[in-house]
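Enquirer: Encoded as structure tokens, here's the structure I'll be asking about.
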Amino acid sequence: AGEWWLEDYNGPPLISFAAEEAEEIGVELGDTLTVNILGRDITGTITSFREVDFSTAGIGFVLTMNPAALSGAPHSFISTVYAEPEAEAAILRDLAGEYPNITAIRVRDAIDRVSAVLAGLASAISFGALATLATGFMVLIGAAAAGTGARSYEAALLKTMGASRRAIATSFVLRAGLLGLFAGAVALLAGITGGWAVSHYVMETDFAVVWPNALMIIAGGVLATVLAGLGFALKALNARPADMLRAQE
6 AGEWWLEDYN GPPLISFAAE EAEEIGVELG DTLTVNILGR DITGTITSFR
56 EVDFSTAGIG FVLTMNPAAL SGAPHSFIST VYAEPEAEAA ILRDLAGEYP
106 NITAIRVRDA IDRVSAVLAG LASAISFGAL ATLATGFMVL IGAAAAGTGA
156 RSYEAALLKT MGASRRAIAT SFVLRAGLLG LFAGAVALLA GITGGWAVSH
206 YVMETDFAVV WPNALMIIAG GVLATVLAGL GFALKALNAR PADMLRAQE
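Adding 5 to a residue's 1-based position in the sequence shown gives its number in our numbering.
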């Protein structure tokens with residue numbers, strides 16, 4: 006947004022500001038900002054906003070002024086050079102030989118170290134997510150096991166009323182499946198809401214849901230609950246109604 010100054014501009018100080026940071030602090034085109042350089046205040050007018058991607062290895066500044074505004078201040082020049090790994094040594098050697106006053110800094114090693122740390126964090130987060138997922142499945146299985154006594158009594162009553170084993174088993178499967186589906190849906194909604202909040206307000210990054218993985222987790226929860234419920238229901242299906250009813254008296 007706005008306009009960049011001309012190459013030979015030599016008028017009052019002008020400022021180009023990073024668009025995202027400008028939005029965060031509430032500055033607009035035409036506003037003035039004062040910077041203090043070695044005790045001297047320099048006031049410039051914001052004439053443009055620009056997109057700055059700080060995630061790359063390139064050079065980026067939130068605030069940039071026209072060269073003439075800072076011509077009297079002590080300064081140095083910096084630049085980014087992209088090269089293949091096998092060409093780096095030759096470039097550094099040539100720079101040191103031809104321009105000994107230039108300081109060359111290799112950032113590849115630092116980037117590799119940061120990448121390794123981030124990879125370790127990603128692995129730790131993945132293991133933590135798997136542990137949480139396994140704990141959730143165990144909770145669902147425990148919920149299915151907690152109702153074994155009640156299911157046994159219900160099965161005895163249904164048998165007494167003439168219901169078949171297949172009908173009783175089907176009802177148990179549907180009950181367990183609905184329990185797993187409801188629990189998975191609530192967990193998914195809470196996870197999406199929490200993930201979006203962290204991404205939007207804390208990380209300030211885009212948020213996206215990987216729906217195939219999310220639906221697979223819900224399906225896994227439903228399957229675990231159904232299998233657990235059916236397994237615990239076998240005792241109720243095999244028990245004699247008279248024994249179960251007598252035990253409830």
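We put the CB at the ideal spot given by N, CA and C, even for glycine.
1. Roughly how far, in whole angstroms, is the beta-carbon of isoleucine 47 from the beta-carbon of alanine 23, given that I think they are within contact range, below 8 Å?
2. Mark isoleucine 110 as exposed unless 16 or more other C-beta atoms lie within 10 angstroms of its C-beta, in which case mark it buried.
3. So alanine 233 and isoleucine 146 are supposed to be a Cβ contact under 8 Å. How far apart are they, rounded?
4. Please report the distance separating the alpha-carbon of threonine 69 from that of valine 86.
5. Can you grab the Cα-Cα spacing for the pair alanine 121 / alanine 202, in whole Å?
6. Helix, strand or coil for valine 262, going by three-state DSSP, please let me know.
7. Can you tell me which residues form a DSSP beta bridge with threonine 48?
8. Could you tell me the boundaries of the alpha helix (DSSP H) in which alanine 94 lies?
9. Check the C-beta distance from leucine 186 over to isoleucine 222 and give it rounded, since I have them as a contact under 8 Å.
10. For serine 81, which of helix, strand or coil comes out of DSSP?
11. What's the call for asparagine 218, buried or exposed, on a 16-neighbour Cβ count within 10 Å?
12. Kindly indicate the opening and closing residues of the alpha helix (DSSP H) around isoleucine 30.
13. Please say whether valine 57 and glycine 49 have beta carbons closer to each other than 7 Å?
14. Near alanine 78, which residues of its chain fall below 6 Å by C-beta distance, leaving aside the five closest residues on each side in sequence?
Expert: In terms of the structure at hand:
1. Between alanine 23 and isoleucine 47 the Cβ distance is about 18 Å, and since that is not below 8 Å, they are no contact.
2. exposed
3. 4 Å
4. 21 Å
5. 27 Å
6. The displayed coordinates of the chain run from 6 to 254. Any statement about residue 262 would go beyond what the structure contains.
7. Thr39
8. Start and end: 90-103.
9. In fact, because the Cβ distance is near 12 Å, the residues do not count as touching under 8 Å.
10. coil
11. exposed
12. 24-30
13. no
14. Correct list, in chain order: Ile42.
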